Every structure is written in C-alpha cells, then in structure tokens.
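Count along the sequence shown starting at 1, add 143, and that's the number in our numbering. All remarks here apply to the structure that follows.
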Amino acid sequence: MNAIELKLFASRVASICDEMGLVLKRTAFSPNIKDRLDFSCALFGPDGQLFAQAAHIPVHLGSMAFAMGDLVCKRPWQAGDMLVVNDPYLGGTHLPDVTLIAPVFSGAGERLIGFVANRAHHANIGCDTPGSMPVSQHLEEEGIVIPPTLLFAGGELQQQCLRLLEPDTAELSGDFAAQAGSNQVGV
144 MNAIELKLFA SRVASICDEM GLVLKRTAFS PNIKDRLDFS CALFGPDGQL FAQAAHIPVH
204 LGSMAFAMGD LVCKRPWQAG DMLVVNDPYL GGTHLPDVTL IAPVFSGAGE RLIGFVANRA
264 HHANIGCDTP GSMPVSQHLE EEGIVIPPTL LFAGGELQQQ CLRLLEPDTA ELSGDFAAQA
324 GSNQVGV
C-alpha cells in the first residue's frame, strides 16, 4: 500500500466513526448526547486494540482502549450481537457513561474483523439524585451498574436486559436505541 492509498484508507475508516457520531447526535433524546455531544465513537481491531476514532470526547476512548481487549476476547461473538456495559471496574469512567460494543464480521460473516463501539453520557442511570451524580460512598448508590450484558443477541433485542436498564424513562430507552443505531451504521 503506498502513501496515497494509506491516506485514503485512513480517511475512510475515520469517516465511519464520524458517521456513527452524526447518527448518535441526530437520533438521541437527551440533551447530554444531542446538544452537549457527550459521546464518543470508535473502531477496534479483533483483539480490541483502538483502530480509529472520531474527534468527540477522547477521555472516553482512553479508558475504552484499555478495557476492550478484556471485554471482547473473553466471549464468543455472532453477527447482530451488541454488548452494553458501564462498570467502572471494567473500563468505564462513571456509571452515566454507557458503552455499546458490536462485532464486525467479514462480508461472508465467517471471520471476526473488529468491533464498533460508542460511549454516551446518560443523565439518569437509575440514581435517586438528578444527573446520577450523588454524594455516595458505594458504587451501587450512583445508579445501575451494568456488567457486560448482551443487549442484542444475534440481532434480537433482549427485552429482559432492556427492562433492567430502563428506570422508566423514554429518554433513556431512546438514547439506547440511538447508540444501537450508531453501532449499526459502523457495522
């Protein structure tokens, strides 16, 4: 690959991350995502190494880059899967920053070639304090701690997972749908 081909390839890959971000911004419900742009989108290799990112909020991606290897290498993946996680001990930043990860397979769907992921700040993640930023002494007091959980399995929404994640707000379910749509664009 010569220098021109490399630059074209790098630009194409970066534009995927940018497009993921545009979809997330346009389809989100909450002001944190839609107006404050408190989200990040990236592509990762099959081993979880950061491959490309959009110029959103790099602090999200710094922690994601360290966590992805552990999160993606310890499980079997199939097309249509999408994992949700916000656990700070597994590469999250704080509970309101929720990450969705989806595998990308080759055209024939036989070989895992990488992952798309986004992380977005949700205003309410099940805490009794507005903004999910309480004065607390234990992680569970800050809201719902989401261990790595399949939100979609083989393309099918896992309703029991969604029910656990939603503290009865349309805004939260709309933002999860926006994040899932963003990943679909990247896949």
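No residue lacks a Cβ here, since even glycine has one placed at the ideal position from N, Cα and C. Predicted model, so just to flag it, every value in this text is computed and none were measured.
Which residue marks the beginning of the beta strand (DSSP E) containing residue i, and which one marks its end?
| i | result |
| --- | --- |
| residue 262 | 255-264 |
| residue 210 | No beta strand (DSSP E) holds residue 210; the alpha helix (DSSP H) holding it covers 201-216. |
| residue 293 | 292-296 |
| residue 240 | 240-248 |
| residue 225 | 225-228 |
Within 10 angstroms of the Cβ of residue i, are there 16 or more other Cβ atoms? Answer buried if so, exposed if not.
| i | result |
| --- | --- |
| residue 164 | buried |
| residue 138 | For the chain, the structure presents residues 144 to 330; residue 138 sits outside this window and is missing. |
| residue 280 | exposed |
| residue 286 | buried |
| residue 322 | buried |
Tell me where the alpha helix (DSSP H) around residue i begins and ends.
| i | result |
| --- | --- |
| residue 307 | 302-308 |
Compute the beta-carbon to beta-carbon distance between residue i and residue j, rounded to the nearest angstrom, for a pair I have assumed lies under 8 Å.
| i | j | result |
| --- | --- | --- |
| residue 244 | residue 278 | Their Cβ separation, rounded to whole angstroms, is 31 Å, which puts residue 244 and residue 278 out of contact at 8 Å. |
| residue 176 | residue 229 | Actually they do not touch by this definition, with Cβ atoms about 14 Å apart. |
| residue 293 | residue 301 | 6 Å |
| residue 200 | residue 181 | 6 Å |
| residue 241 | residue 186 | Incorrect: roughly 19 Å between the Cβ atoms, too far for contact. |
When you compare the CB positions of residue i and residue j, do they come within less than 9 Å of one another, or not?
| i | j | result |
| --- | --- | --- |
| residue 160 | residue 197 | yes |
| residue 295 | residue 178 | no |
| residue 325 | residue 261 | yes |
Nearer than 8 Å: is that true of the beta carbon of residue i relative to any heavy atom of the ligand COA?
| i | result |
| --- | --- |
| residue 232 | With respect to the ligand COA, the structure offers nothing, as it holds no ligand at all. |
> Can you give, in chain order, each stretch of the alpha helix (DSSP H) that sits fully within the segment 158-196 and has at least 4 residues?
Replying inline: 174-177
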